[in-house]
Ligand code: URA
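Numbering (the working numbering), first residue to last: 428 to 628.
Right under this line is the structure:
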């Protein structure tokens with residue numbers, strides 16, 4: 428079986444935290460490793476829960492536009508979230524829920540070995556840069572545990588606050604430049620998932 432399909436089937440059966448209760452289904456993530464870009468968002472919302480796909484609402488539309496702006500189709504990137512079941516009422520995911528879902532992030536990173544992991548919003552950023560401010564570090568890639576992590580504002584934040592949109596566009600341009608100027612062949616491949624010390628625990 429395709430490794431992403433195998434992970435998706437396991438995520439559907441995941442009961443590691445109580446979030447699955449009351450959801451329609453899990454939203455494991457989708458896309459491909461073709462471009463080497465891996466997006467990590469926050470959590471599925473109503474439409475994502477209904478469709479079982481990440482970023483299918485307005486934020487997803489903006490994400491697709493930003494990708495098109497750097498010449499990429501969404502099918503060429505991988506997109507997932509820090510939690511894979513919709514939190515009730517779209518509340519923020521709780522630390523225990525985020526921690527319980529780490530296993531799937533590790534599995535996806537191990538399967539895809541991305542060139543760059545783009546965190547969208549403060550919840551995803553917080554996994555790699557705890558205590559940091561997104562306003563301070565967005566657009567500045569840093570290698571964490573063998574993976575280049577590129578923090579960005581969440582597209583939903585730019586929809587709520589249009590003044591953030593130029594920053595988001597500039598960060599996508601910086602991402603395109605990073606990819607164009609960084610060798611595709613990893614000099615130092617990411618360690619296997621069970622040896623990662625990515626999340627500070
Ligand atoms: N926002 C997210 O962070 N993830 C989704 O899947 C949709 C909206």
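Each residue gets a CB set at the ideal place from its N, CA and C atoms; glycine is no exception.
The beta carbon of residue 492 sits closer than 6 Å to none of the beta carbons in its chain outside the five residues before and after it. Spatial neighbours of residue 497 in its own chain (CB-CB distance under 8 Å, excluding positions within 5 residues in sequence) are listed in chain order as 599, 600, 602, 603.
The beta carbon of residue 508 sits closer than 7 Å to at least one heavy atom of ligand 1. When DSSP states are grouped into helix, strand and coil, residue 561 belongs to the helix group. Here residue 433 is exposed, its C-beta having fewer than 16 other C-beta atoms within 10 Å. Between the alpha carbons of residue 562 and residue 541 lies a distance of about 24 Å. In this structure the stretch 518-531 does not lie against the stretch 575-582, because fewer than three pairs of beta carbons, one per stretch, are closer than 8 Å. Contact between the stretch 499-506 and the stretch 440-449 is absent: fewer than 3 CB-CB pairs across the two stretches fall below 8 Å. Secondary-structure assignment with DSSP links residue 544 through a beta bridge to 465, 576.
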